[in-house]
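Working notes, structure below.
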Amino acid sequence: MATINSSNINITDLDFDDVSKSLKEYLKGQTTLKDYDFEGSNLAVLVDLLAYSAHTSAFNANMVASEMFLDTAQIRKNVVSRAKELGYTPSSRTASQASFDLTVASPSIGGQTPSSLTINRGHEFTTVFDGTSYTFICLDNQTITPNGGTFTFQNLDVYQGKLTSDIYRYDNQISNQRFACLNTNIDTSTIKINITSNNTVTAWSKAGDLTGINSNSTVYYLQENDEGLFEVYFGDGIIGASPKDGDQIAISYLVTDNNHANGATTFNMATSISGNSDVSFTNTVSSSGGKDIETPDQIRFSASKFYTSQNRLVTVQDYKAKLQELYPGADSIAVWGGEDAEPVQYGKVFVALKPSQYSNNLTTAEKTTLKNSLSKLSVLTVRPEIVDAEILQILVDCNFKYDPSKTSQTKTALETLVRAAIISYDDNQLSGFDTLFRHSQLTTQIDGSETSILSNITNVKLRKNYTAVTDGTISSIKLNFGNALYNPHAGHNSIGGGVLISTGVFLSGDIKNYFFDDDGQGNVRRYYLDGPTRVYADDAAGTIKYSTGEVSINSLTYSSTSNTDSSIDFTIIPSSNDVISTRNQLLDITASAVSVTGVADTVASGETSAGVGYTTSSSYSS
41 MATINSSNIN ITDLDFDDVS KSLKEYLKGQ TTLKDYDFEG SNLAVLVDLL
91 AYSAHTSAFN ANMVASEMFL DTAQIRKNVV SRAKELGYTP SSRTASQASF
141 DLTVASPSIG GQTPSSLTIN RGHEFTTVFD GTSYTFICLD NQTITPNGGT
191 FTFQNLDVYQ GKLTSDIYRY DNQISNQRFA CLNTNIDTST IKINITSNNT
241 VTAWSKAGDL TGINSNSTVY YLQENDEGLF EVYFGDGIIG ASPKDGDQIA
291 ISYLVTDNNH ANGATTFNMA TSISGNSDVS FTNTVSSSGG KDIETPDQIR
341 FSASKFYTSQ NRLVTVQDYK AKLQELYPGA DSIAVWGGED AEPVQYGKVF
391 VALKPSQYSN NLTTAEKTTL KNSLSKLSVL TVRPEIVDAE ILQILVDCNF
441 KYDPSKTSQT KTALETLVRA AIISYDDNQL SGFDTLFRHS QLTTQIDGSE
491 TSILSNITNV KLRKNYTAVT DGTISSIKLN FGNALYNPHA GHNSIGGGVL
541 ISTGVFLSGD IKNYFFDDDG QGNVRRYYLD GPTRVYADDA AGTIKYSTGE
591 VSINSLTYSS TSNTDSSIDF TIIPSSNDVI STRNQLLDIT ASAVSVTGVA
641 DTVASGETSA GVGYTTSSSY SS
């Protein structure tokens with residue numbers, strides 16, 4: 041701290057101790073009051089009181105100044121207010137969504153087979169998930185006619201929550217009217233506004249790009265108020281139409297439990313469909329996409345990205361910001377240009393979304409909606425493409441050593457702890473796109489899972505699943521692991537099958553179970569087993585690029601596979617134990633893909649002398 045002039049009070053340091061010291065230094069310059077520096081004296085108490093008051097005032101002033109800026113504001117309403125200045129409205133809760141096919145058996149209305157059936161907006165379905173009952177509803181009327189005598193609602197979308205509504209009257213004597221949605225658990229994407237004027241009901245839509253809004257546009261605007269409620273307001277007759285005096289404003293919306301219902305798979309009817317309750321549910325897509333309201337930190341991040349995009353899509357960040365607005369329930373978003381695609385596709389931008397931990401892909405309807413929305417804002421010569429996420433499985437083989445004298449846990453219990461540590465790493469580090477599996481972090485987490493664990497040798501392999509065609513159609517297989525493969529020299533492990541491993545596939549008209557491997561020279565081979573011997577039926581069944589991880593299998597006619605789900609698993613040995621996710625790849629360590637073996641360390645326990653008979657695990661994948 042700078043030297044203090046006793047004739048002046050230092051005001052640059054406003055901590056309590058600094059203020060107190062400054063006051064005492066000031067008092068040294070006078071002769072009237074002498075007991076200012078004695079603890080317990082009346083004057084010393086007054087000095088402390090003044091220091092406390094100055095410190096409190098400085099703290100409050102600092103907090104006020106901090107709340108004026110988006111980067112430093114801590115109080116939610118201030119963060120929301122600063123974001124509003126950038127044109128950004130925080131995302132509300134998002135309802136969990138599921139879909140299924142619903143077939144009504146032998147429907148009857150008044151004793152007659154109807155020509156059509158309708159499920160009305162608000163129709164309820166129920167499910168029980170994690171011991172809690174939830175209600176899912178339809179947000180729109182759905183009408184079907186029979187197909188081949190069967191009444192089936194296909195891909196019926198349902199959303200968790202219940203509909204509610206708030207009714208207001210417009211008063212043109214009140215300026216800047218705001219109409220709040222009176223529930224904090226609202227999903228704003230479900231808002232519907234109907235205004236009744238002179239016995240005529242008109243649906244008003246949420247305002248988008250201001251360039252398309254005029255004095256007659258029946259649009260509303262949305263914002264979050266100081267109480268944390270979302271509220272709507274209308275135009276002034278210039279930028280958007282204004283309701284008339286006495287008009288009835290009906291605001292309906294979904295009140296939801298956000299992510300609590302994610303993962304539900306079994307649904308039941310809560311109410312009948314036109315008196316028909318004999319129904320069956322098929323092709324159910326588990327509920328996903330439920331999310332909580334944006335936190336202040338999330339608002340800070342999203343608002344700046346939204347402002348930067350200026351409601352146009354040019355850069356990758358522009359697309360990500362818009363997608364967060366269009367699909368707030370996304371757990372992760374990946375965007376890349378066609379120039380970075382494999383193969384290169386100029387004039388395109390690719391988008392992949394992970395809806396939630398319970399679902400990796402969007403529905404066809406969701407893809408279409410997103411693509412149409414993005415196309416309106418994209419550069420004229422660029423076409424957006426929505427692609428599915430691809431799972432790149434990481435197979436973990438862990439062998440660890442432990443000191444039995446330092447634990448009361450059994451070998452089996454330690455193996456369970458290590459397995460849990462591996463799955464925990466997956467949950468915390470590999471939940472989205474653009475992630476990196478760091479081998480050293482995992483091994484460190486394994487060593488730290490129990491005090492008796494001394495070391496571990498952990499190897500990894502990578503696996504992709506390909507769904508084979510089983511109807512006689514000829515199809516080729518193209519896989520991209522996105523990581524270099526372990527091939528230290530030409531012809532590596534040619535006799536042992538190279539670095540490629542596959543499950544079996546049966547060809548049409550052939551009873552043999554075929555597998556794929558590689559020759560270490562870039563060629564994929566197809567073989568069958570004659571006892572332990574590999575008999576190669578095709579030495580050029582495809583190609584493999586060790587530098588990029590691309591695997592291509594020539595066209596074949598499949599009849600079935602050795603997997604029960606008619607798929608083929610392809611497993612490779614990567615060049616590095618660190619694994620990167622590229623483009624639309626999601627890294628995943630599943631419990632079934634984890635092998636853990638614990639071995640008591642005989643050196644640490646004293647059973648082995650001079651290292652004689654001590655065994656180690658291989659650091660190389662077999």
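Per this note's numbering, the very first residue in the sequence shown carries number 41; after that it's consecutive. From the three backbone atoms N, C-alpha and C, an ideal C-beta is built for every residue, glycine too.
So is H529 buried or exposed if we call it buried at 16+ other beta carbons inside 10 Å? exposed
By the DSSP assignment, the beta strand (DSSP E) with S657 in it spans what residues? Run containing S657: none; DSSP gives neither H nor E here.
Could you check if T230 is buried or exposed, using at least 16 other CB atoms within 10 Å of its CB as the buried criterion? buried
In chain order, which continuous runs of the alpha helix (DSSP H) of length 4 or greater are located wholly inside the stretch 463-512? 479-487
With a CB to CB cut of under 7 Å and the five nearest residues on each side skipped, what residues in its chain are close to S599? T510, F546, L547 and S548
Tell me, to the nearest whole angstrom, how far the beta carbon of D570 is from that of K441; I am working on the premise that it is less than 8 Å. About 40 Å separates the two Cβ atoms, so there is no contact after all.
Residues of its chain near T498, where Cβ-Cβ distance is below 6 Å and the 5 sequence neighbours each way are ignored: C438 and T483
Across which residues does DSSP place V120 in a beta bridge pair? DSSP, once it has assigned bridges, lists no residue as partnering V120.
Burial state of N624 (16 or more Cβ within 10 Å): buried
Output the boundary residues of the beta strand (DSSP E) element that contains K441. E430 to Y442
Through-space distance from A370 to N563, alpha-carbon basis: 40 Å
Under a three-way DSSP split, which group does E365 fall into? helix
Which residue from K585, S632, T507 and I612 puts its Cα closest to that of T604? T507
Return the CA-CA distance between G531 and E490, expressed in angstroms with no decimal places. 42 Å
In angstroms with no decimal places, state the Cα-to-Cα distance between A42 and S93. Legend: pLDDT at A42 = 42, less than 50; position of this residue unreliable, value from coordinates given subsequently. Rounded to whole angstroms, A42 to S93 spans 22 Å at the Cα level.
Could you tell me if S342 is buried or exposed, where buried requires 16 or more neighbouring beta carbons within 10 angstroms of its beta carbon? buried
Using the DSSP secondary-structure output, state which residues sit across from A392 in a beta bridge. A374
Round the Cβ separation of V319 and V144 to the nearest angstrom and send it over; I've been treating them as touching at under 8 Å. 5 Å
For a test of the three-state rule: what should DSSP assign to F556, helix, strand or coil? strand
Got a sec, what are the start and stop residues for the alpha helix (DSSP H) L110 sits in? It is not in any alpha helix (DSSP H) - L110 carries neither H nor E in the DSSP assignment.
Run through DSSP, which three-state label would A138 get? strand
For F33 versus I207, is the C-beta spacing smaller than 7 Å? Because the chain spans 41 through 662 in this model, residue 33 falls outside it and cannot be assessed.
Candidates R218, G315, D211 and T404: which alpha carbon is nearest D266's? R218
Option in K202, T224, G378 and D55 with minimal Cα separation from T166: K202
Quick one: is L161 buried, meaning 16 or more other Cβ sit within 10 Å of its Cβ, or exposed? The question names Leu, but residue 161 is Arg in the sequence shown. It is exposed - the Cβ of R161 has fewer than 16 other Cβ atoms within 10 Å.
Terminal residues of the continuous alpha helix (DSSP H) containing N412? T404 to L417
Opposite N308 in the DSSP bridges: which residues? T166
Which whole-angstrom value is the C-beta distance of E382 and N520, which I expect to be below 8 Å? 6 Å
Would you check if the stretch 298-312 and the stretch 241-248 touch, i.e. whether three or more CB-CB distances between them fall below 8 Å? no
Spatial distance of N195 from Q137 (CA atoms): 12 Å
Pick helix, strand or coil for L222, following the three-state DSSP scheme. coil
With a threshold of 7 Å on Cβ separation, who are the neighbours of R352 within its own chain once the five nearest residues in sequence on each side are excluded? D358 and L417
For A640, name the three-state secondary structure that DSSP assigns. strand
Beta-carbon contacts of K124 that lie in its chain and below 7 Å, excluding the five residues immediately before and after: Q263
Pull up the DSSP beta-bridge partners for G582, would you. V564 and I593
Within a Cβ cutoff of 8 Å, which residues of the same chain sit near N527, ignoring the five residues on either side of it in sequence? G538, V539, G560, Y586 and S615
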